[in-house]
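Residue numbers (my numbering), protein chains in the order written: chain A, 1 to 420; chain B, 421 to 840.
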């Protein structure tokens, strides 16, 4: 990759076998460089028509009949499609609630099933939101405690320390499969196997891996997983999350937050809870149908492309982006805060700069580039290979360079605003 | 009310000051008599345009910027509008998750705050879904147990037995304010006061009362409440639920399912949970924005009409429906399974018939009447005064009569299908 000019970017796009998929998404502003598909994926065009049907025909016309005409099974049917993307069987995945609620249910179920084991292992690269949920989980189970292992460089996961921490007192190991700041990929198969050897269960948060890298839950021997659908799955803002429970565990684990959608014969209205068999027992309340229906078209698109093809392009694009960084941004004080080895890196590249916060503000306000910022200094550049072009990446780097060279960021406030 | 013919129904509609609100809802099939607004409210016309904006402009064009441009505060702003309908202050209500998840969070928070008290009182007229959640809650707090008090006639709540059960070992009293089968209304002020006198907290499920009867949470001294938005609030299938925590209790109760939306300075990404002050601490994960946005227009409509006006019409309509029943349906073996006193009755009337299940099937399949069926024998006829007409009620009763007189129900299977 010696050529790093705009012509080479356009050539790379011209050779991209996935190039046509960009037009399957809404993209009205040709000037906008969107590098935040890892926070909120773009709107698939097909989703617009689907939602219009759900709203006007299913809700507006069919009314309550909509439940029997598809809504009741939508959590399983969309879950089954997500299963294909993450190496699971269709009857192992459902869409429900938020990632946090799903994480709560599965972590609590796991530690309650692990009698006599009290340790929950996680790391400081995990989503803070997951750590909050784990604190709630541990609070509810007498004796439980969290061992939060620190990364030495804030980029690579502390795999060896985690391995060493696993012992016969460990109830659960839970990690983000791809970490949200650096994009580091944990070796799911290795750690799941090591956990199993000491009798610990594993739970993986796939929010940054589902739809962006190849995940093989069953093949890895992973026990449990959760993940969101609004990032690489393009399910829409706050779209409901998914959960995975390995088939062999489904009957062993109870749902600690039982609800009528997990009840056997829910309309018999029995006063005592009797769980459904299979994955449905992990459901709780009534699902948000509009937000749930919005998930399906995005997932269909990814299945149409194939996760192997997406990953191949994603690796090529993160490599290209790092090359651009090294040539154009490193001289301006940037550094790569993501693993340089593509095998260890998901679909975003974080670049650090002491003025990262203000640079991010300037990019959004003046340069029509949308990355996002993560403390302390990370500009997170997310690549969604289904719609990100090489030209996007080249143009973004040129605009970032201009913000720094022209000192456009100086007029922005150093204080953090409430939300970013 | 001596005249009970079609002319009188049309006259009543002609005199109805709320009659014009019917056209604010989608209603494409003039033959359809929809009496299930207590399960899924109709689609407000304004919601169609609002959702189109949220989908195409906010998600499609604004993308991640949508969070700062309104989504982050939507749970509170819609909650504040619901507060007006239920006698709460705007900073006491948020929209989040499902009713079941909210019930779980608040009941668990309540019993954990009630050190040394172990009894949770409820009744057998409560939603079975709520009873399942209570079982989960009790399972998680050592020593806790549920005292489920039985109604003697399955119609009226066992108020006196509940009063007698309250004692200084009671952690929590939780009931459906309006019961889902008979529509019985509990005296919230009386029971909340009695509970407070013995130091018990109260939690009311408002799913069948919000938007249909006058609720005064603060005036009643109620501590906690939850409720859904897809029934009388017309928020759409599975729309997210609301929760209420009396202001004075907000700091005392922790959220046992902590998440990043309840975190102080959520984007500071602190690894340890620090709750926000106020009602936001009861939030957990990322809200489903499409389903949440859909709630607002329905709530706006109810606030525009005014809950007192809605209740006045609802009482007149349930009275009218019972008169029609007594004249036309009682002779065919029906009986009223709802309180006959309008002060004790919400906005639906359940009528029982030994062939209720098959009659309901025939009404749906052949007569374009949509009530719903609740075991063992109830046809539940829901009135949403904002769009139900007197002619709807008259026509429905005529069609029910025809199904029984002409024995149209005989061809249907007595076995219950999976969902109804």
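Note that CB positions come from ideal geometry on N, CA and C, so glycine has one too. It should be emphasised that the depicted structure is a prediction, and the values quoted were computed from it without experimental measurement.
Asked                                                                                                                               : Found
Residue-level contact to chain A via CB, residue 709 of chain B, 8 Å cutoff                                                         : yes
6 Å Cβ shell around residue 840 of chain B - same chain, five flanking residues per side excluded                                   : With a pLDDT of only 42 at residue 840 of chain B, under the threshold of 50, the placement of this residue in the model should not be trusted; the figure read from the coordinates follows. Closer than 6 Å at Cβ, skipping near neighbours: 793.
Beta-ladder partner(s) of residue 147 of chain A, from DSSP                                                                         : A/121
Neighbouring residues, chain B, relative to residue 104 of chain A (Cβ below 7 Å)                                                   : 677
C-alpha gap between residue 730 of chain B and residue 805 of chain B, whole angstroms                                              : 6 Å
Nonlocal neighbours in the same chain, by C-beta distance under 7 Å from residue 262 of chain A, ignoring five residues either side : 255, 275, 276, 280, 281, 282, 283, 284
N-terminal and C-terminal residue of the beta strand (DSSP E) that residue 241 of chain A is part of                                : 241-245
8 Å contact criterion, which residue 602 of chain B and residue 759 of chain B should meet: CB distance rounded                     : 7 Å
The segment 464-481 of chain B: positions lying closer than 7 Å to chain A by Cβ                                                    : 468, 471, 475, 476, 479, 480, 481
Cross-chain neighbours of residue 552 of chain B in chain A, by beta carbon under 7 Å                                               : 258, 259, 260, 263, 273
Contact the segment 78-95 of chain A vs the segment 206-224 of chain A: 3+ CB pairs below 8 Å                                       : yes
Supposed contact pair residue 163 of chain A and residue 192 of chain A - C-beta distance, whole angstroms, cut 8 Å                 : Residue 192 of chain A to residue 163 of chain A, Cβ: 12 Å. No contact.
Minimum Cβ-Cβ distance from residue 229 of chain A to chain B less than 8 Å                                                         : no
Residue 780 of chain B beta carbon less than 8 Å from that of residue 771 of chain B                                                : no
Residue 754 of chain B in three-state terms, based on DSSP                                                                          : coil
One or two residues paired with residue 628 of chain B in a DSSP bridge                                                             : According to DSSP, residue 628 of chain B bridges with nothing at all.
Best match in B/592, B/648, B/813 for proximity to residue 565 of chain B [C-alpha to C-alpha]                                      : B/592
Reduced DSSP secondary structure (H/G/I, E/B, other) of residue 510 of chain B                                                      : helix
Boundaries (first-last residue) of the beta strand (DSSP E) holding residue 48 of chain A                                           : Segment 45-52 is the alpha helix (DSSP H) holding residue 48 of chain A; no beta strand (DSSP E) there.
Cβ distance (whole Å) where residue 217 of chain A is taken to contact residue 105 of chain A below 8 Å                             : Actually they do not touch by this definition, with Cβ atoms about 17 Å apart.
Residue from B/741, B/576, B/581, B/542 with nearest C-alpha to residue 429 of chain A                                              : In the structure as shown, chain A begins at 1 and stops at 420. Residue 429 of chain A is therefore absent and cannot be evaluated.
Residue 818 of chain B versus B/836, B/783, B/830, residue with shortest Cα-Cα distance                                             : B/783
Counterpart residues of residue 352 of chain A in DSSP-defined beta bridges                                                         : A/335, A/378
Helix, strand or coil at residue 647 of chain B [DSSP, three-state]                                                                 : strand
Among A/68, A/159, A/301, A/107, the one whose alpha carbon lies nearest that of residue 186 of chain A                             : A/159
Counted within 10 angstroms of its Cβ, other Cβ atoms place residue 103 of chain A as buried (16 or more) or exposed                : buried
Nearest-angstrom Cα separation, counted from residue 396 of chain A out to residue 31 of chain A                                    : 11 Å
Cα-Cα separation, residue 714 of chain B to residue 289 of chain A                                                                  : 11 Å
Any C-beta of chain B under 8 Å from that of residue 375 of chain A                                                                 : yes
Range covered by the alpha helix (DSSP H) that runs through residue 220 of chain A                                                  : 217-220
Cβ of residue 660 of chain B within 8 Å of any chain A Cβ                                                                           : yes
Local Cβ density within 10 Å of residue 341 of chain A, reported as buried at 16 or more and exposed below that                     : exposed
Beta-carbon spacing of residue 673 of chain B, residue 558 of chain B below 8 Å                                                     : no
Selection from A/180, A/195, A/148, A/345 that minimises the alpha carbon distance to residue 166 of chain A                        : A/195
Under the three-state DSSP convention, the category residue 515 of chain B falls into                                               : strand
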